[in-house]
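Colleague: My questions all concern the structure below.
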Amino acid sequence: MTAHALDRPVWSMLSGRQAHLAEGDARTALRLDRGYGVFGAAADTGAEAQAALAAHVPADGEIWIVEDRPWPVPPGTREVRRAVLAQMVAEGAPPRHRGTEPDIVPLDDAAAAEMTALADHAKPGPWGPKTHLYGPFFGIRENGRLLAMAGQRMLLPGMAELSGVSTWADCRGRGYARALIGHVMRVMVARGDQPFLHAYADNAGALALYEALGFRIRREMHMLVIAK
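For the sequence shown, this note's numbering assigns the number 18 to the initial residue and increments by one for each residue that follows.
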């Protein structure tokens, strides 16, 4: 039985549509370009692949592994933390309620510093100096200030991952995240991609918002963070 690309999203990403962002050998282990983030994956749990994945762990950094089962800690590395994720998919996108949503603008390289500052504050997930280049990202501004943003990360066959949803603390409760998520979903669907995402399984508030926007839980996933 052939596994679905979503069952091993990082491996599917780095060996498929975003192979140009991968470092390593597809026969053993791959990691994401360090400028974009910290994700990595081994071809399997065999000794050769696990050793290759361990070799990708920087001396002063981490590798984040996302799999459909608890993953073993590669020899020569240590477990930093584990978490259970909810993997969610949407069959379409919510319609825009014209006149009730804030203006949403595309974000480009000129906004990189603002996006990084917002990500450092909101902590939507791993963020590197090139993460904003996954694109497209969109934001909401007021008097020039970037208040909130959302975009995409992993690209799988016919699918795109919603990611980077962030709002400054003093701007929350205004519906910005809901508006941005809906906008990103519509962009994905318009180009032929099905939206999906990963959220911490114990984040009830986030899960409820995603479900209200048309996402449903597909399965439980397991995240492992490793370091030297």
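Where is the CB? At the ideal position from N, CA and C, for every residue including glycine.
Keep in mind that this is a model prediction, so the values were computed, not measured.
As a quick exercise: from A103, A167 and W88, pick the residue whose alpha carbon is nearest that of V97.
Modeller: Start at 1 with the first residue of the sequence shown, and residue 97 comes out as number 80. Closest by alpha carbon: W88.
Colleague: Using 8 Å for Cβ pairs, my map puts P119 next to A196. What's the rounded Cβ distance?
Modeller: The residue given as residue 119 occupies position 102 in the sequence shown. The residue given as residue 196 occupies position 179 in the sequence shown. Yes, they are in contact, since the Cβ atoms of P119 and A196 sit about 6 Å apart, within 8 Å.
Colleague: Please classify P91: is it buried, with 16 or more other beta-carbons within 10 angstroms of its beta-carbon, or exposed?
Modeller: As a first step, residue 91 must be located in the sequence shown, where it is residue number 74. Counting Cβ neighbours within 10 Å, P91 comes out buried, since at least 16 surround it.
Colleague: Mind checking D210: buried by the 16 CB within 10 Å criterion, or exposed?
Modeller: The residue labelled residue 210 in the question sits at position 193 within the sequence shown. Classification of D210: buried, given that the 10 Å Cβ count is 16 or more.
Colleague: At 3 residues or longer, what runs of the beta strand (DSSP E) sit wholly inside the region 115-165?
Modeller: 122-124 and 154-159
Colleague: Quick one: any contact between the region 215-225 and the region 123-135, if contact means 3 or more CB pairs under 8 Å?
Modeller: no
Colleague: Give every residue of the same chain whose Cβ lies closer than 8 Å to the Cβ of I198, excluding the five residues on either side of it in the sequence, and list them in chain order.
Modeller: As a first step, residue 198 must be located in the sequence shown, where it is residue number 181. So the qualifying residues of the chain are A167, L179, V182, L226, Y227 and L230.
Colleague: If we count the other Cβ atoms within 10 Å of its Cβ and call it buried at 16 or more, is A139 buried or exposed?
Modeller: As a position in the sequence shown, residue 139 is number 122, starting the count at 1. So A139 ends up on the buried side.
Colleague: Restricting to Cα atoms, I'd like to know which of R189, T184 and M171 is closest to Q14.
Modeller: In the structure as shown, the chain starts at 18 and stops at 245, and residue 14 therefore has no counterpart that could be examined.
Colleague: In the DSSP assignment, the beta strand (DSSP E) including G212 goes from what residue to what residue?
Modeller: Counting from 1 along the sequence shown, the entry for residue 212 is found at position 195. The sequence shown places Pro at residue 212, rather than the Gly named in the question. Counting along the chain, the beta strand (DSSP E) containing P212 begins and ends at Q211 to Y217.
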